[in-house]
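Numbering (my numbering), first residue to last: 869 to 988.
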Amino acid sequence: MATALGRFLKKLRLDNDELLFDMAKKIEMPTSTLSAMETGRRRPSKGLAEKIVSAYRLTEEQIQQLHSSISEANDWNIGIDASAFSPKDQNTAVAFARRFSDLDGDDKEAIWKILNKGKD
């Protein structure tokens, strides 16, 4: 079954005139693993987004779409190791996660811009 991530990866490959083999080589991943992720038979591996972002010139919209499709492929479960965070930072992260669905589109866009400031 085609997933959002699979559609994203396939479109990215085709837009760059690449075969599955070419993309797999570019992001240093076995072709079979990439194929399984593209077809939805395997969840995205850790670090997939970083590998794709560093290998391709993606727009901010594409990066956001990539992260969203990876989250969806992982059943929207997002885990972070907050053991090194200060107690205040831990509380902030938990509050953000709990209230995220209450934010409107403008608030989410503002947060996105803050988090990506200076990455141009």
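All C-beta atoms in this analysis are idealised placements derived from N, C-alpha and C, irrespective of residue type, glycine included.
Keep in mind it's a predicted model, so treat the numbers as computed, not measured.
By a beta-carbon distance limit of 8 angstroms, Ala872 does not contact Arg911. Their separation comes to about 13 angstroms.
Contact between the segment 920 to 940 and the segment 948 to 965 is absent: fewer than three C-beta pairs spanning the two stretches fall below 8 angstroms. The Cβ atoms of Phe876 and Leu934 lie closer than 8 angstroms to each other. One Cα belongs to Thr907, the other to Asp957, and the distance between them is close to 37 angstroms. The Cβ-Cβ distance between Leu902 and Ala917 does not fall below 8 angstroms. A residue is called buried once 16 or more other Cβ atoms fall within 10 Å of its Cβ, and Ile982, having fewer, is exposed. About 7 angstroms separates the CB atoms of Glu896 and Lys919; that is less than 8 angstroms, so the two are in contact.
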